[in-house]
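Q: Sequential numbering from 1 applies to the sequence shown in full-length UniProt numbering.
Below are the structure tokens for one structure; questions will follow.
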Amino acid sequence: VRRYGIRTDVHFSTEENVVTAMFEIPGVKRNDIHITMSLCPFSRVRQVSISGMARSVLPLQGHSVRERKFGLFFRTMAVPPETKPEDIAVTLEDGILTLKIPAGTPAQAEEPQTIPI
């Protein structure tokens, strides 16, 4: 099953210590959106996944010019390791799904390390 990605804007507010992610899903009903949190078994990174179904309102018969995407969609983003599902504030307004996630305790910056080729 082929899924398409969702256009997303992410902003980190140093004043509020909050990450705001805005996912563009026009025309998708609340009941067709699923938000889950999991731990990636490979990277061990905590992540939030947005998935669902965008349904076409055009009939299948006849000829249509389609520029909008329809069908299954999916997007994953990493979140701080201490994030719990109840910490995330979610709103859906005007086709924009917004998640506000506490950024947690800042990590110490490290110098980049070169990996030889």
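Every residue gets a Cβ at the ideal spot worked out from N, C-alpha and C, and that includes glycine.
Using a Cβ distance threshold of 8 Å, determine whether the stretch 45 to 54 contacts the stretch 17 to 36, with at least three qualifying pairs required.
A: Verdict: yes, contact present.
Q: Cβ atoms of Thr20 and Thr98: under 8 Å apart, would you say?
A: On the sequence shown, position 98 is the one that residue 98 refers to. On the sequence shown, position 20 is the one that residue 20 refers to. In contact: Thr98 and Thr20 (Cβ atoms closer than 8 Å).
Q: Is the stretch 83 to 94 close to the stretch 30 to 48, with three or more CB pairs under 8 Å?
A: Cβ pair count under 8 Å is three or more, so yes.
Q: Buried or exposed: which applies to Phe12, given that a residue is buried once 16 or more other Cβ atoms fall within 10 Å of its Cβ?
A: Taking the sequence shown and counting its residues from 1, the one referred to as residue 12 is at position 12. Per the 10 Å Cβ criterion, exposed.
Q: Answer with buried or exposed for Ile117, where buried requires no fewer than 16 other C-beta atoms within 10 angstroms of its C-beta.
A: Taking the sequence shown and counting its residues from 1, the one referred to as residue 117 is at position 117. Flag for Ile117 reads exposed.
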